[in-house]
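Q: First the structure, then my questions, so here it is.
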Amino acid sequence: MNEVTRNTTLVSKDGGFLDVVLDGEVVMTVAVPPGAVRAAPYLDLLPDGATFEVSEGLVAVAPRHRVMVQPYGPGATDSGANPDYQPTSASRLEREMRVTLNRMKAATDRVERRERALASIERIPKAPPAEKVEADKAPDLIEGNPEGANDE
């Protein structure tokens, strides 16, 4: 007995029958024409809890699977790569540069997040600056005779 799903193809030379089985009892029989026929329209006829049983002369072909297990044999893990290969210093320096760039990017992102957070804070407007009052400079008054001055 093959499981019949929406992607199953029913194949027969002279046609055949699908038996609808509910609780182990054949409830009805559905005729299938000769050739290759998709099973999806027949599944719409299936009552809840019932299954299809394929009768003689009819074969249910399962769809191809897109994923399959690859069998491994001796030498399956042999890559043919050069066992003497040593990575160059450029690859080490590239890794270090990527780490440094990622750190710099993270720091820049932190600063930008802080700037956005500060920009979203409501600010109290500042009062205009007060005018500066300069102290009046009194002129130097000379009263009387200054020392060393001649009276004429």
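In the numbering used here, the protein residues as written are 9 to 160.
Idealized CB from N, CA, C, for every residue including glycine.
Please work out which residues of its chain come closer than 8 Å, Cβ to Cβ, to L54, disregarding the five sequence neighbours upstream and downstream, and give them in chain order.
A: Taking the first residue of the sequence shown as position 1, residue 54 is located at position 46. Cβ within range, chain order: V28 and F60.
Q: Buried or exposed for L66, going by 16 or more other Cβ atoms inside 10 Å?
A: Numbered from 1 along the sequence shown, position 58 holds the residue referred to as residue 66. So L66 counts as buried.
Q: Please report the straight-line C-alpha distance between P82 and V19, rounded to a whole angstrom.
A: By one-based count along the sequence shown, residue 82 stands at place 74. By one-based count along the sequence shown, residue 19 stands at place 11. P82 and V19: Cα-Cα distance of roughly 39 Å.
Q: Taking only runs that begin and end inside the stretch 62-94, name each unbroken alpha helix (DSSP H) of 4 or more residues, in chain order.
A: As far as the stretch 62-94 is concerned, it has no whole alpha helix (DSSP H) run of at least 4 residues.
Q: Give the DSSP bridge partners of T17, in chain order.
A: Position 9 of the sequence shown, counting from 1, holds the residue named residue 17. Paired residues: R46 and V69.
Q: On the DSSP bridge assignment, give the partners of V12 in chain order.
A: For the purposes of this step, residue 12 is identified with residue 4 of the sequence shown, where counting begins at 1. Beta-bridge pairing links V12 to no other residue.
Q: Rounded to the nearest angstrom, what separates G32 and A58 at their Cα positions?
A: Numbered from its first residue, the sequence shown carries residue 32 at position 24. Numbered from its first residue, the sequence shown carries residue 58 at position 50. Cα to Cα, G32 sits roughly 9 Å from A58.
Q: Below 8 Å on the Cβ atoms is my guess for V163 versus A68; work out the distance and round it to an integer in Å.
A: Residue 163 lies beyond the range of the chain shown here (9 to 160); nothing can be said about it.
Q: Quick one: using the 10 Å Cβ neighbour count with 16 as the cut-off for buried, is A114 buried or exposed?
A: By 1-based counting over the sequence shown, the position of residue 114 is 106. A114 comes out exposed.
Q: Which one of H73, A135 and Y50 has the shortest CA to CA distance from V62?
A: Along the sequence shown, one-based indexing puts residue 62 at 54. Answer by Cα proximity: Y50.
Q: Express the C-alpha separation of D52 and G43 in angstroms, rounding to a whole number.
A: Taking the first residue of the sequence shown as position 1, residue 43 is located at position 35. Taking the first residue of the sequence shown as position 1, residue 52 is located at position 44. Roughly 20 Å between the two C-alpha positions.
Q: Quick one: what does DSSP say A135 is sitting in, helix, strand or coil?
A: For the purposes of this step, residue 135 is taken as the residue at position 127 of the sequence shown. Coil.
Q: Based on DSSP bridge pairs, tell me the residues matched to A39.
A: Translated into the one-based positions of the sequence shown, residue 39 becomes position 31. Beta-bridge pairing links A39 to F25.
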